Amino acid sequence: MNVNKSQLRNFGLVLALPVAAIGAVSVATDNMSSLVAHGPVQQGHVDVDCVGCHSIGVGTVRQQIQANLAYALGKRSTSVNFGFQPVTSIQCLSCHDRPNERHPIYRFNEPRFADVRSSLEVNSCVGCHSEHVDSRVSVSETLCSHCHDDLVLKNDPLDVQHDQLVVDDAWSSCLGCHDFHGNHPHESQTLLSDAFPVEAIRDYFGNGSDPYGSQKIYEATFDD
Ligand code: HEC
Ligand code: HEC
Ligand code: HEC
Ligand code: HEC
Ligand code: HEC
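The sequence shown begins at 715 in my numbering and counts up one residue at a time.
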C-alpha cells in the first residue's frame, strides 16, 4: 500500500478536525477523550516513523465522523479510527521478525489456548505491549502462570525445582531467569538466589535497563 507521507504530517489535523466537529454538536463522552489521548512512544521507537504502525484508514473522514458519532450515541458497538487503521501484529512483525521466537503468537490461536485468550491477549503483540504509555511491557510479570502450571522438568537443574516454584506460586520468579521471547543470548541461572529480582523485571517493563543485557539475537529492522 502507498502511504502518503504528507497525510502523516497532517496527523494532528486529521484527528483535530473530526474531534472539533463532534465538539460542535456538543457530544461529550469519555470515549471521545481516548481519541486524542496518547503519550510518548517507548524508547525503542523514538526513531520509528508513525506510519510504521499507523497506516491510512478506511473510509472518508466524513464517514468516520458519522461512525464515531453513532458510537458516541450508543448506536454502534465499535468506534472507528480517524484517518488511520488499528495497529495490528502485522505491523509489529514487519520489523520484529524473529525466527528464534520461543512463544510465537500464531501458536496461541489454537483452541487449547481459548481460556488463556479470554484473560490475556496472547495471540497479539499489543495484547502485552501497549504503545504511547511509555513502557515496554504492559502485563504482569506473573503471566507465565496462564500456561505453565503443570511444569515438571525431567532433569531439573535448579536448586529449587520448577515444580516446587509452581507449588509455591512463585510466578514472579520466572522472568528472573528466562526472557519471554528467547531473543537474548542470556543463559538461565540455576540458583534461585541468582535470579534477577522482580524489581529489576518491573523496571525493565517500564523502560528501565534490560537485565538480560543489551545484546539481542535478532535486532529489529526498519527502513526509513
Ligand atoms: C510501535 C507502533 C506505534 C508507533 C511507532 C506509533 N504508534 Fe500511535 N498507536 C499505536 C498503538 C498500538 C495504538 C493504540 C490504538 C490502536 O491500536 O490503533 C496507537 C494509538 C495512537 C493514537 C490514538 C488513536 C485512537 O484512535 O485512539 C494516536 C493519535 C497515535 N497513536 C499517534 C501516533 C503518532 C503521532 C505517532 C508518531 C509520533 C505514533 N502514533 C507512533 C502504535 C504506534
Ligand atoms: C518500523 C519498524 C518497527 C515497527 C513497525 C515496530 N517496531 Fe518495535 N522496535 C523497532 C526498533 C528499531 C526498535 C529498537 C531496536 C530493538 O530493540 O530491537 C524497537 C523496539 C521495540 C521494543 C523494545 C525493545 C527494547 O529492548 O527496548 C518493543 C517491546 C517493541 N519494539 C515492540 C513492538 C510492537 C509491539 C510493535 C507493534 C505495535 C512494534 N514494536 C512495531 C522497530 C519497529
Ligand atoms: C504474552 C505476552 C506477550 C506477547 C503476546 C508479546 N510479547 Fe513481547 N515481550 C513480553 C515480555 C514479558 C517481554 C520482556 C521479556 C523479554 O525481553 O523477552 C517482551 C519483550 C519484547 C521485546 C524486547 C526484547 C526483544 O526480544 O528484543 C520486543 C521487541 C517484543 N517483546 C516484541 C513483541 C512483538 C513484536 C510481539 C508480537 C509478535 C510480542 N512482543 C508479543 C511479552 C509479550
Ligand atoms: C499462552 C501460553 C504461554 C505463556 C503465557 C507462557 N508460555 Fe512458555 N511456553 C508455552 C508453550 C506452548 C511452549 C512450548 C512447549 C512445548 O513446545 O512443549 C512454551 C515454552 C517455554 C519454554 C521452553 C522453550 C524452549 O525453547 O524449549 C520456556 C523456557 C518458557 N516457555 C518460559 C516461559 C516464561 C518464563 C513465561 C512467562 C514470562 C512463559 N513461558 C509464558 C506457552 C506459554
Ligand atoms: C533460578 C532460575 C530459574 C527460575 C526462577 C525458573 N527457571 Fe525455568 N529453567 C531454568 C533453567 C536453568 C532451565 C534449563 C535450561 C534451559 O532450558 O534454559 C529451565 C528450563 C525451563 C523450561 C524448559 C523446559 C524444557 O523442557 O526444556 C521451561 C518451560 C521453564 N524453565 C519455565 C519456567 C517457568 C514458567 C518459571 C517460573 C515458575 C521458571 N522456569 C523459573 C532456570 C529457571
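Just so it is clear, CB atoms sit at the ideal spot from N, CA and C, and this is done for glycine as well. Computed from a predicted model, the values in this text were never measured in an experiment.
(request) Indicate whether C891 and S902 have their beta-carbon atoms separated by less than 7 Å. (result) Here residue 891 refers to the residue found at position 177 when the sequence shown is read from its first residue. Here residue 902 refers to the residue found at position 188 when the sequence shown is read from its first residue. In this structure, S902 lies closer than 7 Å to C891 by Cβ.
(message) Bridge partners for F798 per DSSP, in chain order?
(response) The sequence position of residue 798 within the sequence shown is 84, counting from 1. Paired residues: I770.
(message) Measuring straight from C-alpha to C-alpha, what distance separates S747 and F827?
(response) Within the sequence shown, the letter at position 33 stands for residue 747. Within the sequence shown, the letter at position 113 stands for residue 827. Legend: pLDDT at S747 = 30, less than 50; position of this residue unreliable, no value from coordinates given.
(message) In chain order, what are the residue ranges of uninterrupted alpha helix (DSSP H) at least 4 long that sit wholly in the stretch 809–884?
(response) 828–833 and 876–881
(request) Look at the Cβ atom of V669, then the Cβ atom of L865, and state whether they are nearer than 7 Å. (result) Residue coverage of the chain in this structure runs from 715 to 938, which leaves residue 669 outside it and unanswerable.
(message) Quick check on DSSP: helix, strand or coil for A781?
(response) Indexing the sequence shown from 1 puts residue 781 at position 67. Reduced to three states, the DSSP call for A781 is helix.
(message) I need the DSSP call for E901, collapsed to helix, strand or coil.
(response) Here residue 901 refers to the residue found at position 187 of the sequence shown. Here E901 sits in coil by DSSP.
(message) Does T935 come out as helix, strand or coil in the three-state DSSP assignment?
(response) Position 221 of the sequence shown, counted from the start, is the residue given in the question as residue 935. Here DSSP, grouped into helix, strand and coil, assigns T935 to coil.
(request) Say yes only if the C-beta of H759 is nearer than 6 Å to one or more non-hydrogen atoms of ligand 1, and no if none qualify. (result) The residue given as residue 759 occupies position 45 in the sequence shown. Within the cutoff, so yes.
(request) Return the chain-ordered list of same chain residues with a C-beta closer than 6 Å to the C-beta of R812, the five sequence neighbours on each side being excluded. (result) As a first step, residue 812 is located in the sequence shown; it is residue number 98 there, counting from the start. So the qualifying residues of the chain are N897 and Y932.
(request) Quick one: measure Cβ to Cβ for G753 and D848, integer angstroms, because I've assumed they're closer than 8 Å. (result) Reading the sequence shown from its first residue, position 39 is the one you call residue 753. Reading the sequence shown from its first residue, position 134 is the one you call residue 848. Indeed, because the Cβ distance is near 5 Å, the residues count as touching under 8 Å.
(request) State the Cα-Cα distance for the pair E855 and C839, rounded to the nearest angstrom. (result) Residue numbering aside, residue 855 sits at position 141 when the sequence shown is read from its first letter. Residue numbering aside, residue 839 sits at position 125 when the sequence shown is read from its first letter. Those two C-alpha atoms are separated by around 16 Å.
(request) Report yes if the CB atom of H759 is closer than 7 Å to the CB atom of E815, and no otherwise. (result) Along the sequence shown, one-based indexing puts residue 759 at 45. Along the sequence shown, one-based indexing puts residue 815 at 101. Taking 7 Å as the cut-off, the beta carbon of H759 is found no closer than this to the beta carbon of E815.
(message) Helix, strand or coil for S907? Go by DSSP, reduced to three states.
(response) On the sequence shown, position 193 is the one that residue 907 refers to. Here S907 sits in helix by DSSP.
(message) Please classify E824 as buried or exposed, where buried requires at least 16 other C-beta atoms within 10 Å of its C-beta.
(response) On the sequence shown, residue 824 is found 110 positions in, with the first residue counted as 1. Exposed, because fewer than 16 other Cβ atoms sit within 10 Å of the Cβ of E824.
(request) Would you kindly check if the distance between the Cβ of R850 and the Cβ of Q756 is under 7 Å? (result) Along the sequence shown, read from residue 1 onward, the residue named residue 756 stands at position 42. Along the sequence shown, read from residue 1 onward, the residue named residue 850 stands at position 136. Their beta carbons are under 7 Å apart, which means Q756 touches R850 by this criterion.
(request) Would you mind reading off the limits of the alpha helix (DSSP H) that contains Y918? (result) As a first step, residue 918 is located in the sequence shown; it is residue number 204 there, counting from the start. Here the alpha helix (DSSP H) through Y918 covers V912 to F919.
(request) Give me the Cα-Cα distance between F919 and V765, rounded to the nearest whole angstrom. (result) Position 205 of the sequence shown, counted from the first residue, corresponds to residue 919. Position 51 of the sequence shown, counted from the first residue, corresponds to residue 765. In a straight line, the C-alpha of F919 is about 24 Å away from that of V765.
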